[in-house]
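Asker: Quick one: the structure is below, and I'll ask about it shortly.
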Amino acid sequence: MLILGLDFETTGLSPQTDRVIEIGAVVWDTDSQKPKALFSELVLPAPFSGLSPEIVKVTGIDDETLKTFGVDGNQAFERLQSLVKECDYIVAHNAAFDRGFYQQELLNYGMRDEYERPWIDTVLDVPYPEEIGTRKLTYLAAEHGFVNVYAHRAVFDTLTMLSILGQYPLDQVIARSQSPNVMVTSHVSFDEKDKAKNMGFRWDAPNKKWVKSMKLCDVEVTDFPFKYSVSEPELSL
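Remember, the working numbering sits 1306 above the position in the sequence shown when you count from 1.
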């Protein structure tokens, strides 16, 4: 099977107001566990008003580099679409982020999602063992025995993600990807808050509650030491 690993570097976190500045895409053969094709391109959005210091620090991409080596977005996303066509799934780490930018940038460049491939999220869909609590890609690489020496550059993050994915049964990952994402709310008192924290719940300050995004299939087999409620499923990836 061929899958497409995908990662974007962007000017910020919002698909509606920010833009993609780098695409890293890898056509990955799940049988041989090797790449079939690599696509790495800086993208110069139009109009371009400059990168924030935070983005320059995180990615190592600066204005001069982007203006010198960045290509037209239409060209870049047409190439990306041609790779999507050849694959059965799109894989991303925190796929909601990359999917949001993918769909918005297609609109920005007057394109549409012609192939509508299902998405796999390596944050949620990989059955990591309980002792691996982190979901940060750099730390996950270390937990799986290697180092990503060029973190936050798109194609290297993509190869890192696929190398991690290759250590797990793909059929299990696909099955998990088909289980909806839900938000679980922990109903604990102040004195019991550590029970929620110890299970990975985070404090949602505006709504004053402990919450955790989970796969519904995981909720169904988890023995919570407190009362909880489950939201309607979020957008399925």
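Idealized CB from N, CA, C, for every residue including glycine. As the structure is a computational prediction, the values presented were derived from the model and not from experiment.
Where does residue 1487 sit, in a helix, a strand or coil, going by DSSP?
Answerer: It is a strand residue.
Asker: What residues match up with residue 1492 in a beta bridge as DSSP calls it?
Answerer: Residue 1492 is bridged to 1516 and 1534.
Asker: Thinking C-beta only, is residue 1515 closer than 7 Å to residue 1595?
Answerer: No answer is possible for residue 1595: it lies beyond the span of the chain, which begins at 1307 and ends at 1543.
Asker: Under three-state DSSP, which class holds residue 1406?
Answerer: Note: residue 1406 maps to helix in three-state DSSP.
Asker: Quick one: grab the DSSP three-state call for residue 1330.
Answerer: Residue 1330 falls in the strand class under three-state DSSP.
Asker: In three-state terms, what does DSSP make of residue 1451?
Answerer: It is coil, neither helix nor strand.
Asker: Hey, out of 1506, 1521 and 1358, whose CA is closest to residue 1370's CA?
Answerer: It is 1358.
Asker: Going by the CB atoms, is the gap between residue 1494 and residue 1551 shorter than 7 Å?
Answerer: Not covered by the structure: residue 1551. The range shown for the chain is 1307 to 1543.
Asker: With distances taken Cα to Cα, identify the nearest neighbour of residue 1405 among 1352, 1329 and 1447.
Answerer: That would be 1329, whose Cα lies nearest to the Cα of residue 1405.
Asker: How many angstroms separate the CA atom of residue 1498 from the CA atom of residue 1534?
Answerer: Approximately 13 Å, taken between the alpha carbons.
Asker: Identify whether residue 1540 lies in helix, strand or coil by the three-state DSSP scheme.
Answerer: With a pLDDT of 48 at residue 1540, under the threshold of 50, the predicted position of this residue should be treated as unreliable, though the coordinate-derived value follows. In the structure shown, residue 1540 sits in coil (DSSP, three-state: anything other than H, G, I, E or B).
Asker: Would you check if there are 3 or more beta carbon pairs closer than 8 Å linking the region 1382-1398 to the region 1308-1319?
Answerer: With the cut-off at 8 Å, the region 1382-1398 and the region 1308-1319 touch.
Asker: So, is residue 1373 buried or exposed, given that buried needs 16 or more other C-beta atoms within 10 angstroms?
Answerer: Exposed: under 16 other Cβ atoms inside 10 Å.
Asker: Which residues in the same chain have their Cβ closer than 8 Å to the Cβ of residue 1508, if we skip the five residues on either side of it in sequence?
Answerer: Closer than 8 Å at Cβ, skipping near neighbours: 1516, 1517 and 1518.
Asker: Consult DSSP for residue 1357 and reduce its assignment to one of helix, strand or coil.
Answerer: Coil.
Asker: Determine the DSSP secondary structure at residue 1397, reduced to helix, strand or coil.
Answerer: Here residue 1397 sits in strand by DSSP.
Asker: Using C-beta distances below 6 Å, list every residue in its chain close to residue 1441, excluding the 5 sequence neighbours before and after it, in chain order.
Answerer: 1429, listed in sequence order.
Asker: Return the CA-CA distance between residue 1380 and residue 1527, expressed in angstroms with no decimal places.
Answerer: In a straight line, the C-alpha of residue 1380 is about 45 Å away from that of residue 1527.
Asker: What does the Cβ neighbour count give for residue 1470, buried or exposed, with the cut at 16 atoms within 10 Å?
Answerer: Residue 1470 should be labelled buried.
Asker: Starting from the C-beta of residue 1423, find all residues in its chain whose C-beta is less than 8 Å away, skip the five residues before and the five after it, and write them out in chain order.
Answerer: Around residue 1423: 1310, 1390, 1393, 1394, 1395 and 1396.
Asker: For residue 1325, which residues of its own chain have a beta-carbon under 7 Å away from its beta-carbon, when the five flanking residues on both sides are left out?
Answerer: 1316, 1317 and 1351, listed in sequence order.
Asker: Using the Cα positions of residue 1402 and residue 1496, report the straight-line distance between them to the nearest angstrom.
Answerer: When rounded, the distance between both Cα atoms is 32 Å.
Asker: Here's a check: name, in chain order, each residue in its chain whose Cβ is nearer than 6 Å to the Cβ of residue 1540, leaving out the five neighbours to either side.
Answerer: For residue 1540, the pLDDT reaches just 48, beneath the cut-off of 50, and the residue's location in the model is therefore unreliable, although a value from the coordinates is still provided. The answer, listed in chain order, is 1487.
Asker: Give the DSSP-derived three-state secondary structure of residue 1422 in the structure shown.
Answerer: In this structure, residue 1422 counts as coil in the three-state DSSP scheme.
Asker: CB-CB under 7 Å to residue 1521, same chain, minus the five flanking residues each way: which ones, in chain order?
Answerer: Within the same chain, residue 1521 has close Cβ partners 1430, 1482, 1485 and 1487.
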